[in-house]
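In this text, residue positions in the sequence shown follow full-length UniProt numbering: the first is 1, and each later residue adds one. From the three backbone atoms N, C-alpha and C, an ideal C-beta is built for every residue, glycine too.
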Amino acid sequence: MMTQPLLDTLRRLKLTGMHDALAHQLTQPDTYDLPFEDRLGMLLDREVLHRDNRRLDRLLKAAKLRVMACVEDIDYRHPRGLERGRMAPLTSGEWIGQSLNLCITGPTGCGKTWLACALGNQACRQGYSVRYLRVPRLFEQLRIAQGDGSYARLMGQLQKTDLLILDDWGMQKMTAPQRQDLMEVIEDRHGRGSTLIASQLPIEHWHDYIGAATVADAILDRLLHSAHRLTLRGESMRKSAAPQAAEVVDPIVTGQLTKPEPAREG
Numbered sequence: 001m002m003t004q005p006l007l008d009t010l011r012r013l014k015l016t017g018m019h020d021a022l023a024h025q026l027t028q029p030d031t032y033d034l035p036f037e038d039r040l041g042m043l044l045d046r047e048v049l050h051r052d053n054r055r056l057d058r059l060l061k062a063a064k065l066r067v068m069a070c071v072e073d074i075d076y077r078h079p080r081g082l083e084r085g086r087m088a089p090l091t092s093g094e095w096i097g098q099s100l101n102l103c104i105t106g107p108t109g110c111g112k113t114w115l116a117c118a119l120g121n122q123a124c125r126q127g128y129s130v131r132y133l134r135v136p137r138l139f140e141q142l143r144i145a146q147g148d149g150s151y152a153r154l155m156g157q158l159q160k161t162d163l164l165i166l167d168d169w170g171m172q173k174m175t176a177p178q179r180q181d182l183m184e185v186i187e188d189r190h191g192r193g194s195t196l197i198a199s200q201l202p203i204e205h206w207h208d209y210i211g212a213a214t215v216a217d218a219i220l221d222r223l224l225h226s227a228h229r230l231t232l233r234g235e236s237m238r239k240s241a242a243p244q245a246a247e248v249v250d251p252i253v254t255g256q257l258t259k260p261e262p263a264r265e266g
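If you want it as structure tokens, here you go:
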């Protein structure tokens, strides 16, 4: 059996999943007794899995999420008004497929950023492109892009992103150029992609935050029409997590170093 040329061909064709699966089959004599269709199916399944994993890695890298959070780790026990029934339609990703928006508001420490990143992570797993940006960083990138000639390219990237996460919304009053930039971003994305807003500022104060009544009306009409809303409440989750953090033994002192795990909420 001329297996090495076959393996070389699979690698040359960049069928890495099939290459690895065939190499594994060659070390497992039991697979030789399987019908050809079954062995071929196993190779194809491995190739699909490999490509799905590579795509997920690319999406997560491009998303630049602030924390690695997963929807499976959402803490529903903390009294902040977060219910499984309300989260189910959001974790399904249907709202992103329909280009709807999501507004998460609540006091500091209630888990807005963590929850936004968990939904972003879930969207990547569902095959959507995601981009996380703090609003001040968004305005800074747009300002620089206008100066170096990359504005059109950046706006094109923002428009094509399936889910744009804007964190720290409402931290500072907007300037006139920032209002115009935001209007362009929201207008370009309206009906084409979903925008997730995470903010300490209640929605009823967003109009004053944006300023310039006409522009504010236009932006909020596009953002809030048919948007999902999550209003969190309660004390900071960091307070409940602090006593647990204080009991953690320094791994450097004990010499027990472990691989970092995805951040759990709180």
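Inset, instruction - Starting from Val130, follow its DSSP beta bridges and name the residues at the other end. - result: Leu163
Legend entry - Extent of the continuous beta strand (DSSP E) run through Ala198: 194 to 199
Legend entry - Reference Ala213, options Asp168, Met174, His228, closest by Cα: Met174
Inset, instruction - Check whether the Cβ atoms of Ala198 and Ile104 lie closer than 7 Å to each other. - result: yes
Legend entry - Buried versus exposed call for Gly106 [16 or more other C-beta atoms within 10 Å across all chains shown]: buried
Inset, instruction - Could you pull out every unbroken alpha helix (DSSP H) segment of at least 4 residues lying fully inside the region 50 to 101, listed in chain order? - result: 84 to 91, 94 to 97
Inset, instruction - Measure the beta-carbon distance from Asp162 to Tyr128 and round it to whole angstroms, keeping in mind my assumption that it falls under 8 Å. - result: 4 Å
Inset, instruction - Flag this pair as touching only if the region 31 to 44 and the region 104 to 124 have three or more C-beta atom pairs under 8 Å; answer yes or no. - result: no
Inset, instruction - Look up Arg233 in the DSSP assignment and say whether it is helix, strand or coil. - result: coil
Legend entry - Pairwise C-alpha distance: Thr9 and Thr113: 46 Å
Legend entry - Close-in-space but distant-in-sequence residues of the same chain around Ala145 (CB under 6 Å, 5 per side omitted): Tyr151, Leu154
Legend entry - Buried/exposed call for Val185, threshold 16 Cβ in 10 Å: buried
Inset, instruction - Verify whether the separation of the beta carbon atoms of Gly120 and Leu232 is less than 7 Å. - result: no
Legend entry - Of the residues Thr27, Gln141, Leu43, Leu230, the one placed nearest His19, counting alpha carbons only: Leu43
Inset, instruction - Helix, strand or coil for His205, going by three-state DSSP, please let me know. - result: helix
Legend entry - Sheet register partners of Trp169 (DSSP bridge): Ser199
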